[in-house]
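When we follow this note's numbering, the leftmost residue of the sequence shown carries the number -14, and every step to the right adds one.
Where is the CB? At the ideal position from N, CA and C, for every residue including glycine.
Working notes, structure below.
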Amino acid sequence: TVSVTSTISAPPFHRVIPHHFDNMLLACQQLKLAGFRRIGLAMARDWDRRVNHRWSGGLAWQNQFGGTEPVTPLLDEGHGLSVAPDSFARWLAQERPDAVVMQLLTRDSEALDQVLRRLPAARRPKIVTVNWPNPGADGGIDQRAERIGVAAIALLAALLNRGERGVPELPNSTLIDGQWIPGKLGRRSPRQKRS
């Protein structure tokens, strides 16, 4: 067995997964280069735990050492990938991020878009997904699912060739780097104010 997600915590199998931490750093770096200074993260607390805090850890590094203004992440109490629109609205009003990185689901886009449309245009953050492509996002990270699949099949074939079966004594993780996709993000206008 080879897992292609970090959300399976037991039993511990070999896995090929996106490099969540580096992908978050890449998104933050690209956002900073585009002039965004207040970078937020919005996701369900349950999902943050399932990915072993790799996205929130990347944002914590950005907040401490990345040269942008710290934004407290929204780790919503929901389960799965969804963020509740009311929590999102309260968080946006309090933190006022320029850009928000999230694991955006297509089915959530409409509800979250309604929250964004209620904000004045100058205070509306750009939405960056860690699951590109996504029609609700302005840009994001392509986690390269096809490369994850290729690497998982190669690992599985190697295990079969060596006769390795069952739960491994020492499971390994192969991390696949994502690719930044600017989409329609553009640059942050220096005239935008967080009033």
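Bounds of the alpha helix (DSSP H) holding aspartate 7 are 5 to 18. Put simply, of Val86, Ala139, Arg173 and Gly171 the residue whose alpha carbon is nearest the alpha carbon of valine -11 is Ala139.
CA-CA distance, glutamine 14 to glycine 151, rounds to 40 Å.
If you draw a 10 Å sphere on the C-beta of glycine 52, you find fewer than 16 other C-beta atoms in it, and that means exposed. Residue pairing of glycine 42 in beta bridges, as defined by DSSP: absent, with no partner found. Annotation note: the region 114 to 144 contains the following uninterrupted beta strand (DSSP E) runs of length 3 or greater, listed N- to C-terminal: 124 to 127. Residue burial annotation: proline 105 is exposed, with fewer than 16 other C-beta atoms found within 10 angstroms of its C-beta. Exposure of glutamine 99 is indicated by the presence of fewer than 16 other C-beta atoms within 10 angstroms of its C-beta.
Excluding residues up to 5 positions away in sequence, Val1 and Ala136 lie with their Cβ nearer than 6 Å to the Cβ of threonine 159 in the same chain. Going by beta carbons, proline 156 and phenylalanine -2 fall inside the 7 Å limit.
By the 16-neighbour rule on beta-carbons within 10 angstroms, phenylalanine 50 is exposed.
Across the set Pro167, Gly124, Gly43 and Thr(-8), the C-alpha of Thr(-8) shows the shortest separation from the C-alpha of arginine 34. Less than 7 Å separates the beta-carbon of arginine 22 from that of glutamate 54. In terms of CA proximity to valine 113, Leu11 leads the group Leu11, Leu145, Asn146 and Glu131.
With distances taken between CA atoms, arginine 81 lies nearest to Leu59 out of Ala69, Pro(-4) and Leu59. One Cα belongs to arginine 102, the other to leucine 44, and the distance between them is close to 25 Å. When the Cα atoms are used, proline 167 and arginine 108 turn out to be separated by approximately 20 Å. Straight across, the Cα-Cα distance linking proline 3 with alanine 122 is about 19 Å. With fewer than 16 neighbouring CB atoms inside 10 Å of its own CB, aspartate 162 falls in the exposed class. For arginine 173, the closest alpha carbon among the candidates Gln164, Gly20, Arg30 and Met9 is that of Gly20.
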